[in-house]
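Engineer: Here it is: the structure, laid out below.
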Amino acid sequence: MSTRITGPIRRLKEDILENTIFTLQDFMTCTKGLTYIIMGGILVFMPLFWKFLTDREDD
Amino acid sequence: MAISRRKFLGSLGAAIGATTSGVLTKAYGAANKEFKGYPGSSGVLHDITLCIGCRKCEQACNKVNDLPQPEKPFDDLTVLQQKRRTQADEYTVVNQFGPQGSVFVKKQCNHCLEPACASACFVKAFKKTPAGPVVYDADLCVGCRYCMVACSFEVPAYEYDKVLTPRVTKCTMCAPRLAEGKLPGCVEACPREALIFGERDMLLKIAKSRIQKHPDHYVDHVYGEHEMGGTSWLYLSGQPFESIGMREDLGTASAPELTSGALSTVPIIVGLWPVLLTGVYAISKRKDKIAKEEQDQALHTASVQATEEMNQKIEALREKMVKEKTAAINFEVKKALEEAAKEKEAEKQIEIHEEKDSTSTGELEDSQENGKQEE
Amino acid sequence: MDSDNRIPENKKLTTFNVVTGIILAGGVVLTILRFTMGLGTVTNLDNNNPWGIWIGFDLLCGVALAAGGYVTSATCYIFGLKRFHSAVRPAILTAFLGYALVVLALHYDVGRPWRLPYPVFYSPGTSSLLYEVGLCVFLYLTVLFIEYSPAAMEWLGFKKLRNVVVKLTLLLTIFGVVLSTLHQSSLGALFLIVPSKLHPLWYSSYLPVYFFISSMFAGMSMVIFEGSLAHRHLKDKMDETHLRENTGVVLGFGKAASFIMMGYVGIKIIGLSIDNNWHYLTTGWGLWYLLELIGFVLFPGILYAVGSREKNLTLIRVASLWTVLGIVLNRLNISVVAFNWHLPSAQRYCPSFMEIATSVFIVTLGIVIYRFIATRMPILHEHPDYRAH
Ligand code: SF4
Ligand code: SF4
């Protein structure tokens with residue numbers, strides 16, 4: 810199956826292959842990667858926000 | 020009847036499970052998305068009815084992958100009598116089945132559309148390529164062997180004997196040869212066209228038309244069309260697949276589908292646990308504070324009460340004293356009036372009574388001090 | 003409870019020292035063998051059975067039994083049950099050592115241990131549950147180290163730094179609980195990918211929940227069990243507060259463990275019902291499953307209940323050991339016994355002598371280090387300079 814497509818069509822094909830997610834596996838890897846970063850952000854933000862929230866309380 | 024009922028209950032159970040455990044099992048990140056795999060990717064169709072067990076494919080595989088020579092040469096067909104699986108230096112094996120030993124099945128990596136090995140690998144050493152092959156990168160591999168645990172087809176093998184550079188090994192579908200425009204080694208070597216290479220969609224059509232043309236010859240099932248989410252290798256058989264060593268109970272859910280529920284529970288825990296736990300902490304702290312305040316309050320009222328009681332007692336005592344005093348004085352006055360006649364004796368008596376007064380005031384002061392100490 | 007069999011500090015050639023000495027020496031030999039001859043020589047692992055007891059026992063049981071750290075610190079600092087305070091330090095120390103040894107054991111098990119940082123720092127395979135486990139274990143080990151560090155700093159006399167770290171207690175505790183929830187459950191979720199290999203009685207989409215819930219009573223039981231060991235052998239290191247609070251800790255955790263275990267039995271039955279697995283119960287596998295569930299969860303759960311009703315500390319301690327064994331049984335069932343149940347017995351895995359010896363070596367190493375630290379640093383007693391109350 811090595812039909813050689815050349816020129817702009819080939820470039821278009823490569824473009825689609827590169828920028829589309831075709832498997833659930835790739836999708837999970839991608840979205841989970843981003844989600845892990847968000848998780849890190851949440852873990853840093855929440856304590857700081859709690860601090861801001863309770864700053865003025867006298868114990 | 021029993022079986023279908025059991026099956027029904029099973030699926031009912033699954034449905035209940037899905038709704039009750041909500042977040043836990045079914046809320047996978049890709050619930051509303053469907054992935055069809057790479058368009059135009061290739062695969063191989065293995066028509067088991069055509070295979071004669073000549074081991075030419077094994078030989079070719081050994082050659083193109085530069086694997087070590089086996090103990091017994093490839094034209095020795097007695098090895099077929101033993102059930103074999105893929106090994107670190109055997110990427111493909113042919114096994115013999117059937118009553119007369121007349122059915123031969125080739126086994127190698129099925130190059131899943133949604134590979135379990137890739138889903139399981141924690142360093143992305145496995146990858147499904149757009150062309151079809153699932154390839155492995157030994158430069159990333161840590162050697163945890165979770166990919167081997169995960170593969171339902173029991174394909175990947177490990178170089179347990181290497182000390183410093185053990186690799187996971189499996190069929191590559193000759194990805195390097197495909198890139199050069201060549202056929203996979205085994206397909207090229209097969210003398211009976213039991214293996215044909217092509218676009219997976221095409222192969223599927225060929226397989227189905229063969230079943231349609233020869234319904235007596237084939238089992239009405241293309242193995243690999245849906246197994247574990249579908250595989251790039253497809254199989255046609257004249258015997259039930261279960262009887263020729265190919266499991267039919269694997270189901271159609273792909274590996275990423277099986278794990279996506281658990282994977283998407285993780286971020287929810289990270290999102291909610293800190294809120295929940297801080298809340299519990301705040302509540303328990305608040306309770307402590309209230310308890311402490313109440314305690315203080317109770318202590319305070321108790322001490323106030325104590326002082327009041329003490330004051331009352333003192334007051335009563337004082338009143339009593341005063342009464343006694345007045346009574347005494349009155350009494351004295353009376354006596355003085357009555358016995359004014361006896362002047363000398365009366366003077367002595369008054370002196371004695373004054374001494375008594377001063378001692379009782381002393382007692383009063385003592386009891387006041389005791390009260391303070393109790394506070 | 004008397005201190006007769008306590009090991010005197012000055013006598014070097016005690017049975018304890020001789021036995022541990024032999025085991026540690028053997029461990030060194032095994033280590034050399036493992037890293038010069040490869041996995042194939044030392045283990046019975048093969049292509050069908052890529053995970054043996056180094057994963058099933060060292061990783062799965064190690065992590066579950068080290069759960070005492072998060073359970074105890076959460077009880078004390080988040081739920082505000084201050085009477086558990088004296089139990090926190092020993093529990094954190096055990097957890098820290100437990101996780102450190104789990105990571106050590108992984109170095110033996112994986113093919114190229116020097117690449118263990120790869121998943122976190124070089125090529126994260128985020129679709130894998132093992133990635134999740136790896137990341138959390140790495141982070142939690144760090145958290146545990148920081149949580150443990152005040153004890154070391156009090157010993158070394160780093161006052162200022164110690165006070166800074168102590169201020170972080172609540173934050174670290176919350177992180178600890180979050181990370182523990184994640185990786186305890188993800189260890190169970192590792193097996194979600196193989197419905198085809200794990201026996202249906204053990205395979206369930208609830209596996210992550212089962213692992214998380216059972217880690218709670220595993221941790222509590224370890225705290226009780228380890229407390230009774232420490233009581234026998236390290237009593238002279240304990241202060242008034244510790245001795246006074248100990249009964250309360252044992253009773254409290256005994257009661258909590260009992261109740262959680264009943265809940266666990268409940269959700270296990272729900273799992274059977276949801277997947278309609280009743281008919282497996284009459285097979286041999288079913289009997290084995292019932293032995294695990296009734297003999298090693300329900301039974302010790304009831305022991306705990308009776309013990310805490312009657313304030314019978316001995317009974318609770320027996321129950322704690324029983325529960326710990328039950329956890330080991332459960333984890334080994336999932337990773338080794340009921341895994342690959344479909345294969346003919348000739349292709350099944352049985353650990354080699356050297357695998358078992360290596361696991362024993364690693365556990366012994368843990369005990370020796372615990373003893374070293376607990377006899378020197380303020381673990382079982384408070385440092386006189388830093389009294390909490
Ligand atoms: S058959 Fe196994 S090794 Fe091959 S791609 Fe599928 S999961 Fe991976
Ligand atoms: S053994 Fe290698 S390829 Fe397999 S899952 Fe582990 S790191 Fe990935």
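Chains as they are written, first to last, in this note's numbering: chain A, 810 to 868; chain B, 20 to 394; chain C, 3 to 391.
No residue lacks a Cβ here, since even glycine has one placed at the ideal position from N, Cα and C.
Predicted model, so just to flag it, every value in this text is computed and none were measured.
Among the residues of its own chain, which have a CB less than 8 Å from the CB of B:G72, if the five just before and after it don't count?
Structural biologist: L96, L99, V113, Q115 and F123
Engineer: Output the distance between the C-alpha atoms of A:D864 and C:G229, rounded to the nearest integer angstrom.
Structural biologist: Distance between the alpha carbons of A:D864 and C:G229: 39 Å.
Engineer: In the segment 249-279 of chain B, which residues sit with their C-beta less than 9 Å from some C-beta in chain C, listed in chain order?
Structural biologist: R266, D268, L269, G270, A272, A274, P275, L277, T278 and S279
Engineer: For C:F374, is the beta carbon positioned less than 8 Å from some heavy atom of ligand 2?
Structural biologist: no
Engineer: Between C:G250 and the rest of its own chain, which residues show a CB-CB distance below 6 Å, the 5 nearest in sequence each way excluded?
Structural biologist: R85
Engineer: Please name the residues in the segment 136-164 of chain B whose beta-carbon is closer than 8 Å to at least one beta-carbon of chain A, in chain order.
Structural biologist: A137, S138, K143, K147 and P149
Engineer: Say whether the segment 168-175 of chain C touches the segment 229-244 of chain C, bearing in mind that this needs 3 or more beta-carbon pairs closer than 8 Å, one atom from each stretch.
Structural biologist: no
Engineer: Please decide whether B:F54 counts as near chain A, where near means a Cβ-Cβ distance under 9 Å.
Structural biologist: yes
Engineer: Looking at B:Y165 and ligand 2, is the gap between the Cβ and the nearest heavy atom below 8 Å?
Structural biologist: yes
Engineer: Any heavy atom of ligand 1 inside 8 Å of the beta-carbon of B:N129?
Structural biologist: yes
Engineer: Could you check whether the segment 183-198 of chain C touches the segment 27-36 of chain C, counting it as contact only if at least three pairs of C-beta atoms, one from each stretch, sit closer than 8 Å?
Structural biologist: Counting Cβ pairs under 8 Å, fewer than three are found: no touch.
Engineer: Any beta-carbon of chain C closer than 9 Å to the one on B:I288?
Structural biologist: So, interface residue.
Engineer: Kindly say whether C:V395, judged by its beta-carbon, lies nearer than 9 Å to any beta-carbon of chain B.
Structural biologist: Outside the displayed range of chain C (3 to 391) lies residue 395 of chain C, so it cannot be described from this structure.
Engineer: At a Cβ threshold of 9 Å, is B:V294 touching chain A?
Structural biologist: Closer than 9 Å to some Cβ of chain A, the Cβ of B:V294 qualifies, so yes.
Engineer: Whose Cβ in chain C lies nearer than 8 Å to the Cβ of B:Q88?
Structural biologist: Those do not exist, as B:Q88 stays about 20 Å from chain C at its closest Cβ, beyond 8 Å.
Engineer: Do B:G204 and B:C193 have their CB atoms nearer than 9 Å?
Structural biologist: yes
Engineer: At a CB-CB cut-off below 7 Å, which residues of chain B make contact with C:N335?
Structural biologist: Per Cβ cutoff of 7 Å: no residues; C:N335 is ~16 Å from chain B at best.
Engineer: Which residues in chain C have a C-beta closer than 7 Å to the C-beta of B:K224? List them in chain order.
Structural biologist: Here the premise fails: no neighbours, minimum Cβ distance about 28 Å.
Engineer: Within the same chain, show all residues whose beta-carbon is closer than 7 Å to that of B:R103, passing over the 5 residues directly before and after it, in chain order.
Structural biologist: V112 and N114
Engineer: Just list the beta strand (DSSP E) runs in the segment 53-112 of chain C, keeping only unbroken ones of 3 residues or longer that don't cross its boundaries, in chain order.
Structural biologist: none
Engineer: So, using beta-carbon positions, are B:F6 and B:P134 closer together than 9 Å?
Structural biologist: Past the boundaries of the shown model lies residue 6 of chain B; chain B is included only from 20 to 394, so the question cannot be answered.
Engineer: To the nearest angstrom, how far is the alpha carbon of B:E334 from that of B:F350?
Structural biologist: If I take the Cα positions, the gap works out to 23 Å.
Engineer: Between the segment 20-30 of chain C and the segment 290-299 of chain C, are three or more C-beta pairs nearer than 8 Å?
Structural biologist: Segments in contact, no.
Engineer: The beta strand (DSSP E) with B:N114 in it runs from where to where?
Structural biologist: V112 to F116
Engineer: Within the same chain, show all residues whose beta-carbon is closer than 6 Å to that of C:E134, passing over the 5 residues directly before and after it, in chain order.
Structural biologist: S188
Engineer: Identify whether B:W252 lies in helix, strand or coil by the three-state DSSP scheme.
Structural biologist: strand
Engineer: Under a CB-based cut-off of 9 Å, is B:T184 close to chain A?
Structural biologist: Any Cβ of chain A closer than 9 Å to the Cβ of B:T184 would place that residue at the interface, and such an atom is absent.
Engineer: Under 8 Å Cβ to Cβ from B:A21, same chain only, skipping five residues before and after it: list those, please.
Structural biologist: Note on B:A21: pLDDT 36, under 50, position unreliable in the model; no value is reported.
Engineer: Check whether the Cβ of B:Y7 lies closer than 8 Å to any heavy atom of ligand 2, and answer yes or no.
Structural biologist: The structure shown has nothing for residue 7 of chain B, since chain B only spans 20 to 394.
Engineer: For chain A, find out if any of its Cβ atoms is closer than 9 Å to the Cβ of C:G127; answer yes or no.
Structural biologist: At least one CB of chain A lies nearer than 9 Å to the CB of C:G127.
Engineer: If contacts are defined as beta-carbon pairs under 8 Å, then B:S61 and B:F216 qualify, I think. What distance do you get, rounded to the angstrom?
Structural biologist: 7 Å
Engineer: With a floor of 4 residues, list each alpha helix (DSSP H) that falls wholly inside the segment 338-372 of chain C, ordered by position along the chain.
Structural biologist: The qualifying runs do not exist here; there are none.
Engineer: Just checking B:P175 against ligand 1 - is the residue's beta carbon closer than 8 Å to any of the ligand's heavy atoms?
Structural biologist: yes
Engineer: For B:A50, I'd like the list of residues in its chain whose CB is within less than 8 Å of its CB, leaving aside the five on either flank, ordered along the chain.
Structural biologist: In this prediction, B:A50 scores a pLDDT of 46, lower than 50, which makes its location untrustworthy; the coordinate-derived value is nonetheless stated afterwards. So the list is empty, once near-sequence residues are dropped.
Engineer: Which chain C residues sit within Cβ distance under 8 Å of A:G842?
Structural biologist: P126 and T128
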